[in-house]
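Heads up: the structure comes next, in structure tokens.
Number of protein chains: 6
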Amino acid sequence: MRTNRLREIWRSGGAVVNGWLAIASAFSAETMAHQGWDSLTLDLQHGVIDYADAVNMLAAISTTATVPLVRVPWLDPGMLMKVLDAGAYGVICPLVNTRADAERLVAATSYPPRGGRSYGPIRALLYAGADYGSQADAEIVRFAMIETREALDNLDDILATPGLDAVYIGPADLSLALGCTPRFDQDEAPVVAAIDHILSRARAHGVVAGIHNGSADYALRMVAKGFQFVTVGSDARFMAAGARAAVDRMKAQGGAAAGTGY
Amino acid sequence: MRTNRLREIWRSGGAVVNGWLAIASAFSAETMAHQGWDSLTLDLQHGVIDYADAVNMLAAISTTATVPLVRVPWLDPGMLMKVLDAGAYGVICPLVNTRADAERLVAATSYPPRGGRSYGPIRALLYAGADYGSQADAEIVRFAMIETREALDNLDDILATPGLDAVYIGPADLSLALGCTPRFDQDEAPVVAAIDHILSRARAHGVVAGIHNGSADYALRMVAKGFQFVTVGSDARFMAAGARAAVDRMKAQGGAAAGTGY
Amino acid sequence: MRTNRLREIWRSGGAVVNGWLAIASAFSAETMAHQGWDSLTLDLQHGVIDYADAVNMLAAISTTATVPLVRVPWLDPGMLMKVLDAGAYGVICPLVNTRADAERLVAATSYPPRGGRSYGPIRALLYAGADYGSQADAEIVRFAMIETREALDNLDDILATPGLDAVYIGPADLSLALGCTPRFDQDEAPVVAAIDHILSRARAHGVVAGIHNGSADYALRMVAKGFQFVTVGSDARFMAAGARAAVDRMKAQGGAAAGTGY
Amino acid sequence: MRTNRLREIWRSGGAVVNGWLAIASAFSAETMAHQGWDSLTLDLQHGVIDYADAVNMLAAISTTATVPLVRVPWLDPGMLMKVLDAGAYGVICPLVNTRADAERLVAATSYPPRGGRSYGPIRALLYAGADYGSQADAEIVRFAMIETREALDNLDDILATPGLDAVYIGPADLSLALGCTPRFDQDEAPVVAAIDHILSRARAHGVVAGIHNGSADYALRMVAKGFQFVTVGSDARFMAAGARAAVDRMKAQGGAAAGTGY
Amino acid sequence: MRTNRLREIWRSGGAVVNGWLAIASAFSAETMAHQGWDSLTLDLQHGVIDYADAVNMLAAISTTATVPLVRVPWLDPGMLMKVLDAGAYGVICPLVNTRADAERLVAATSYPPRGGRSYGPIRALLYAGADYGSQADAEIVRFAMIETREALDNLDDILATPGLDAVYIGPADLSLALGCTPRFDQDEAPVVAAIDHILSRARAHGVVAGIHNGSADYALRMVAKGFQFVTVGSDARFMAAGARAAVDRMKAQGGAAAGTGY
Amino acid sequence: MRTNRLREIWRSGGAVVNGWLAIASAFSAETMAHQGWDSLTLDLQHGVIDYADAVNMLAAISTTATVPLVRVPWLDPGMLMKVLDAGAYGVICPLVNTRADAERLVAATSYPPRGGRSYGPIRALLYAGADYGSQADAEIVRFAMIETREALDNLDDILATPGLDAVYIGPADLSLALGCTPRFDQDEAPVVAAIDHILSRARAHGVVAGIHNGSADYALRMVAKGFQFVTVGSDARFMAAGARAAVDRMKAQGGAAAGTGY
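Residue numbers (the working numbering), protein chains in the order written: chain A, 9 to 270; chain B, 9 to 270; chain C, 9 to 270; chain D, 9 to 270; chain E, 9 to 270; chain F, 9 to 270.
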């Protein structure tokens, strides 16, 4: 089976630099896959992507060595299994709030006897190789998102779940849970404290900690803290930011029309 | 009929700041349309977009005041008519090399008696209003691309074509035509000379001159020269550049894994 | 945040005239949005529409002032959140049979602390504006469908659910639940009695009542009764009815071939 | 090979009642195919349909006995061949203005030695049967659209083209060509005269005459005149008309909100 | 309502020869439907097919007399109802492990009072006929997959579920459940014993037994045992096997390049 | 630039074993790309594939070392350029009947000064590498199809066209052109003679000869004759043949129902 480079990086003590895809386009995904990311995550939760798009995007990413991951919309075993069958090498599951949630995540992504994943890795066999069936449980990675008060309350129970490889922090949701403003790159004290707490407990349990970031600067600070999986920006955000900057510069110069555009 | 803001800007002596779309996604197009561009051009020639995508993207852009344009793959009257019927407020036609080419472009985009466009503006009626049929000839804009030696040789003939509103320079193709390196933001002398020559002749004929640029800086220089339609970057380029910068910063710091990504 | 016109109409005591979309086409949706409906509902339950279609259709409707709503296939929090993120300004949820169902509906469509909706309104930010996060809970509307015996038994409990804005009657399912023929525009006594009962209890609880109708005549009668949200027909039904009438007239005249067509 | 029912109707002296499809949806097409039309035409010219949609729509129509036709965007041999390969049983070609145009139409739709159609009827074999290759030339039908002054000038030459089965009048384009208002169901004298002239000459040449109509009433008058192929309305028009009528009735009654909808 | 041929075959004591679809293509499905299968199953679980594809594929199969079935990804009532509304004449549900699972399957696929299926058979009405609502419960077929230890433990309870028509064995999952290698056409003793046991108990309960096979030889053995529904191969497997055989023959001969291909 | 393996095989005197894709599916294409073909050709002429599908399919093939080729629908420079921009490493052009046709093929696929290809290799840059612009003319391959009497008459002129790399024989069309039955693996004397003649003249001109075959046996005979590019079967044909064989075996045994399937 093709090795999961995320596990290699983690074993070496390094941090994975993860990109994020919200646009439903194989070409866009392939372009992103050529920018040097260790992994790319297709966001089927808040991104504008569904399963059919995901299949084509996973193939497009597979033209490079970038590791393909998927964030599913919900803890739905049917969808978890479908994206793994399609060749995702890891899944990020939102709103894992209890030990039972975490166990269902592991069960849906592991073959018997460990779990209840149904066998039929139709595209994964092409991407990973013929021994996928016997190796997948050990190679693919499972992230549980910690982003609610309930999850914080159950943190150690969740982290102790056998087979759970990593936790992932969505700072916007975590902020809302703590009565703060939903945004990335948080510096509000309750959120920072929660982030540090999650990281600390994760490390204590031998679980990788990951976090979503809006900027490379913040992500580097997170790596310095000990996060081993950091997302920076997204396809749509890079695009919008670049476009906005160009328009602003054009309009500011006055050389162009004083058009408001919209 | 909804007014074509490009014509307003041009009448006021201003320059249109145009964005460029190569990704086949209505969501991506709608996101770009919210960044303040005066117009957005769907590139059906070199972009990864076809007609079916274009219809959804034109609708997405129509949620804003940004003017929707289309570059067609080729001087194909069938496609020119289809994108206008779908609500494009202007077309950019590649490889207009002769007066006959320019006349065919105008004919395909104008109703009788001026031209031979067939009547059936199925989505344009929704976007533009019920009087589209009688006003469209005067509102939509037609760009001929000048990008070959043959076009340079026939420049005045092309520019004198009745009904041709604008010319558009593709610097990469123009560079190749002149034995230079295909790229944007050219400073090789033969290309600069050709750009200036096209601009000068266009202004002499009362035809708007437009050009494709890789950066706002170069575009501003072009506006200063007298170009009244300047494209800056593209969805895919902004996305890739932002992603590359983020990855480079992450990898350079050494805080992240020394992963090569691909 | 862009105001939700449904709430304005309701506050003024008026009734919303809602159109229905079963065909998976952004062009079709945009055409419908130009016919004067107060709102249009994308039917992801019984219509032939899925999430990917819905995103393009929501953008197409957003070219007009018609309010975009979505009926989801099922009380699935993942899908409820996805269609809201895509810009739906209200959701209709089938088969809300218990107070717990209603509470899950509200929770999935409200941000913490009120509910557990995850933050990431990717297209909603474009449509609604930058303050969507703080205003959405109060602007979007939540309809629970009352269409089973169990729901009738639990009616007051459901109606008393905090955050539930409206109930919606599916006459076909309600008819089946009551042992009657599944159809719209019912006049069978048990169904009429149930409709009146639901309306009466909804008004007592200060909850808006809505109903699906096959004809404007019946819908007007429902408005006269006090319903403040009435659906009339659907894209596919208008199309089929118009086509059938045209064919019947052609065939009846004998002027055309006695073809049976199929 | 499955018989082309259009030829049967014509041989019996009857008129074909044709429906029109502008919406790119197989479900919509299948719904229309159940309304009793003798044939249905996918409009790839002014409709919002492209080739990929057309393949699925042709299959959907093939669930009924309704004969599937395609109007191509342009006299493009590549597209003419592709839609025939996909199982269209006839093609309507816009803007056939000269004898040479008509000959190219026949050539692109006929196998050698009669024409130059390339062999590869990939879906047509499924729909028509294994002997398609030897029978198709005689079964499929070819319509040339007569809609310009040039076409009127060359009418007899066009009509005399061997292998041309029918002509089709697009009243909107014909109106524009004659300096009249582009619309269906014309009663302006120059257009009526041209329609009668085309019909008369077609009958003299033994060529079937067809015309696009906005209403069954007008279509019946055309059948009475001798037209043997009459289109009535379209999917999008039936849908919009039904929706508009329902909204108007709701709003007129005052029972509903005085909402303007958009 | 159009008769469900599966029930006819079963009543006559025969076995249904079922084909399997994993490729998301209406053309591919239509091609398969012309090869003589009694039924074809769209695999939305392990196949690369989603709901939107399924609608077009069901229409394509409906051009023939082959009975369309769908395997859903999961015991999700929303999806079960959607595929039935789209015209599936039977559903195969994975991972039915308990009596409660089986009851939920029957409930989601049966109208009240028998179950809780919501009424809105939008495409099924076209395919099946106008009396679908009253006949569907009796015509469509429901398969529960028996593929886990838990299901084996609950076998008799599951088989005794009123309204359950058939069970279906996925040999790969069953093998994993029993500690064997996941594959079709099993001859490992524990799997063979389980298969025989399921068949025997199904027959005792008057429930049809079905099984997935990799080859016609194995399928024939299963028919001889008493299975009345046998799947043989799949679109993707036939394609890959034929391609592999052709390449191997070309490469083996040495006449072609010693290319490794990949 | 990534090397074009076809040129390597040809330089070594070997023959390329080419697979054929008619099904519009990236998953199907990726599956085929794993069967060992030297190259795979997307058939946009007679296959059910359009440009948008092709982009995703080219990405899917790019996950392997199989070389991606495209047969375009027609000698349309716009489409030739689009598929090269999308990363095709060679094009097969139908119906090249004259020297002028061949020259237009070469011109549309070569950058200035050799030809008139427009610069914008949007996906090709990802697949091939950053130096695509300067190397593409020499790496990509251009096949002209010889399949009409006119082409046979002009054979030497066509073969002498500078920049034409190969000719490709479509036996079905060639058969029709010669008054024979359209099929692959021809043994009718006039077709065999024409095949031999084309091969002989191609070799005399130093042009590679290729041919479409229905079976490996026939393809091996062609390789033995001197053809250096042989297509064997297609995705749809392998699938249908495998399915038909399985069904026939099931039905022949009588163990299964005597169902006719359709």
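Note that the Cβ used here is the ideal one computed from N, Cα and C, for glycine as well.
Please state whether the Cβ-Cβ distance between F237(F) and V216(F) is less than 9 Å. yes
Buried or exposed, going by whether 16 or more other CB atoms sit within 10 Å of the CB of S36(F)? Buried, by the Cβ-count rule.
So, under 8 Å CB-CB, L88(D) and I57(D) are touching, yes? Tell me the CB distance rounded to an integer number of Å. About 15 Å separates the two Cβ atoms, so there is no contact after all.
Going residue by residue through the segment 190 to 217 of chain C, where are the continuous alpha helix (DSSP H) segments of at least 4 residues, counting only ones entirely within it? 197 to 212
Own chain residues within Cβ distance below 6 Å of A244(E), not counting five before or after: A30, I31
is_contact[M40(E), chain F] using C-beta, thresh 9 Å: With 9 Å as the cut-off, M40(E) counts as an interface residue toward chain F.
For H54(C), which residues in chain E fall below 9 Å Cβ to Cβ? Under the 9 Å cutoff, chain E gives M89, K90, D93, S126, Y127, G128, P129, I130.
Kindly list, in the order they appear in chain B, the residues whose Cβ is closer than 7 Å to that of F35(C). V63, R131
Per DSSP, S47(F) is paired with what? N26(F), V75(F)
Report all residues from its chain with a CB closer than 7 Å to the CB of L186(D); omit the five preceding and five following residues, and keep chain order. P198, V199, A202
Residue of G218(E), L92(E), A73(E), V24(E) minimising C-alpha distance to G128(E): L92(E)
Could you name the residues of the same chain whose beta carbon sits closer than 7 Å to that of T117(C), not counting the 5 residues immediately before and after it, in chain order? So the list reads L88, L92, V99, G123, R125, I148, R150, once near-sequence residues are dropped.
Since I69(A) contacts A41(A) with CB under 8 Å, what's their CB separation in whole angstroms? 5 Å
Inter-residue Cα distance where the pair is A260(E) and V25(F): 12 Å
N-terminal and C-terminal residue of the beta strand (DSSP E) that I177(E) is part of: That run of the beta strand (DSSP E) goes 174 to 177.
Tell me, which residues are paired with F237(A) by DSSP? V24(A), G218(A)
Using beta carbons (cut-off 9 Å, strictly below), is A244(E) in contact with chain A? At least one chain A Cβ lies under 9 Å of A244(E).
On the DSSP bridge assignment, give the partners of C188(B) in chain order. Note: C188(B) sits in no beta bridge, so no partner.
Determine, using beta carbons only, whether A159(D) and I166(D) come nearer to each other than 9 Å. yes
Measuring only the C-alpha atoms, how far is R157(C) from L207(C)? 16 Å
Strand pairing of T100(C), partner residues [DSSP]: Reading off the sequence, residue 100(C) comes out as Ile, not Thr. Bridge partners of I100(C): R79(C), F151(C).
Using only the heavy atoms of the ligand GDP, determine whether one of them is closer than 8 Å to the beta carbon of T189(D). The ligand GDP is not part of this structure, which contains no ligands at all.
Can you check whether the CB of L50(E) is closer than 9 Å to the CB of R79(E)? Cβ atoms of R79(E) and L50(E): closer than 9 Å.
Buried versus exposed, by CB contacts within 10 Å (16 or more), T189(C): By the Cβ-count criterion, T189(C) is exposed, with fewer than 16 other Cβ atoms from all chains shown falling within 10 Å of its own Cβ.
Coarse secondary structure for T106(B), derived from DSSP in three states: coil
Check whether the Cβ of L228(D) lies closer than 9 Å to any Cβ atom in chain C. yes
Output the distance between the C-alpha atoms of D109(B) and G171(B), rounded to the nearest integer angstrom. 13 Å
So what's Y127(B) in DSSP terms, helix, strand or just coil? coil
In whole angstroms, what is the alpha-carbon distance linking V240(F) and G27(D)? 42 Å
Using a Cβ-Cβ cut-off of 6 Å (strictly less than) and excluding sequence neighbours within five positions of G95(B), which residues of its own chain qualify? L66, R131, A132, Y135
What first and last residue would you give for the alpha helix (DSSP H) that runs through D165(B)? 163 to 167
Considering N64(D), what are the terminal residues of the alpha helix (DSSP H) in which it resides? Residues 59 to 69.
Pull out every residue of the segment 62 to 84 of chain C whose Cβ sits closer than 7 Å to any Cβ of chain E, in chain order. Cβ proximity to chain E below 7 Å picks out P81, W82, D84 from the segment 62 to 84 of chain C.
Short check: CB of M247(B) to CB of D139(B), under 9 Å? no
Verify the CB distance criterion: does E196(A) have a CB-CB separation below 9 Å to chain C? no
Does L172(D) come within less than 9 Å of chain B when only Cβ atoms are used? no
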